[in-house]
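The letter at position 141 of the sequence shown is residue 174 when you use the working numbering, and the numbering goes up by one with no holes.
Where is the CB? At the ideal position from N, CA and C, for every residue including glycine.
Structure first, then comments.
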Amino acid sequence: SHREGDRTSGAHAPAACTRSREGKPAHTKMAVGSLKLDVRLLLLVSSVWTIGLIVTVYGISKSGPNSDKLIDFGYLGFLFRQINPYMFTAMGIAAAIGFSVLGAAWGIFITGSSLVGAAVRTPRITSKNLISIIFCEAVAIYGVIIAIILQTKVEYVAPKPDGSYTQAAMTSGYAILASGLTVGLANLVCGICVGVVGSSCALSDAQNPTLFVKILVVEIFGSALGLFGVIVGIIISAQVAFKKE
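Next up, the structure:
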């Protein structure tokens, strides 16, 4: 009876150990694909970013002509109007291609690792589940297309004698920035979405082949999210006209 009690206690020991591990504050972490992000780290980064932005705005305001004000919005607006619109143009084009490629690479990383790992035991899933890699790669292609379209719309406009630019040039710079950010961020989220769903599709197909088509429908809807950003980005870029009178 003592041996049975020892075996019983030994059998329950791993469970107790598991409960103790699960008893830790695991709610502070969230998983994105194969990566685990700590919520406290995200809060810390956002806090540092907010404080840095406030300090920057305060420092710029104090360096202006009306340093007696806490925040000199007039001086900040003056500096903002003097920014070269071609800087916003370059930022928009870079955001379109950069975020799109980041989303595609992240998605391929997530779904590709699951596909290769599951194919070791079930090689038949490699041919069908390559469509998940294609969906992720399409996200990067969206960004390349929009970046090329935005680049072809850029025209040189000489600044005014006071160093400022025309209203049309400033509007065009903002439009390209907004279009690039819209497409880039939409494709970033779309790539992660397709990668996570594609990873689940590969693992599910390895266990039950009948689930492939059902999960593929979900993956198709996830890949459509990037198209929404592309459509809106093209509509925004239609307002670009640097030399408009």
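Within 8 Å, strictly: CB atoms of residue i and residue j
| i | j | result |
| --- | --- | --- |
| E252 | F142 | no |
| A208 | Q272 | yes |
| S212 | S270 | yes |
| G145 | I166 | yes |
| F245 | K161 | yes |
| I126 | A180 | yes |
| L221 | M124 | no |
Supposed close pair residue i, residue j - CB separation, criterion 8 Å
| i | j | result |
| --- | --- | --- |
| V230 | V263 | Actually they are not in contact, since the Cβ atoms of V230 and V263 sit about 19 Å apart, beyond 8 Å. |
| G196 | Q115 | 6 Å |
| V187 | T199 | Contact flag wrong, Cβ pair sits at about 15 Å. |
Own chain partners of residue i with C-beta closer than 6 Å, once the 5 adjacent residues on each side are dropped
| i | result |
| --- | --- |
| A48 | Residue placement at A48 cannot be trusted, given a pLDDT of 42 that sits under 50; what the coordinates show is reported in the next sentence. Contacts found: none. |
| L226 | At residue 226 the sequence reads Cys, which differs from the Leu that was named. Hits under 6 Å: G255. |
| L258 | C223 |
| T148 | Residue 148 is actually Leu in this sequence, not Thr. If we look at L148 and ignore the five residues flanking it on each side, its Cβ neighbours are N162, A235. |
| A239 | A151, T155, I158 |
Alpha-carbon spacing of residue i relative to residue j, whole angstroms
| i | j | result |
| --- | --- | --- |
| L214 | V88 | 25 Å |
| W139 | K193 | 44 Å |
| T243 | T122 | 48 Å |
| E170 | G136 | 9 Å |
| S232 | I84 | 38 Å |
| V81 | L75 | 10 Å |
| F285 | V78 | This structure gives no information on residue 285, because the portion of the chain shown stretches from 34 to 278. |
| I178 | I164 | 21 Å |
| P118 | F106 | 20 Å |
| V265 | G110 | 28 Å |
| V250 | N241 | 16 Å |
| V153 | V172 | 27 Å |
| L287 | G228 | Summary: the structure shown does not reach residue 287, with the chain confined to residues 34 through 278, and so no result is reported for it. |
| V90 | M120 | 20 Å |
| T204 | G176 | 22 Å |
8 Å CB neighbourhood of residue i in its chain, flanking five on each side removed
| i | result |
| --- | --- |
| I182 | I267, S270 |
| L112 | I93 |
| S237 | L244, F245, I248 |
Beta-carbon contacts of residue i that lie in its chain and below 7 Å, excluding the five residues immediately before and after
| i | result |
| --- | --- |
| G131 | G217 |
| A128 | G213, L214, G217 |
| Q184 | I126 |
| A202 | P118, V190, F275 |
Contact test: residue i Cβ vs the ligand NAD heavy atom, cutoff 7 Å
| i | result |
| --- | --- |
| S133 | Absent from the structure shown: the ligand NAD. Ligands present: none. |
_As an exercise, report each continuous alpha helix (DSSP H) stretch of at least 4 residues that is fully enclosed by the region 154 to 180, in chain order._
158 to 161
*Unbroken alpha helix (DSSP H) runs of length 4 or more, entirely within the region 100 to 137: which are they?*
106 to 114
_Quick check on the DSSP output: what are the complete alpha helix (DSSP H) runs of length 4 or more inside the region 193 to 263, in order along the chain?_
200 to 240
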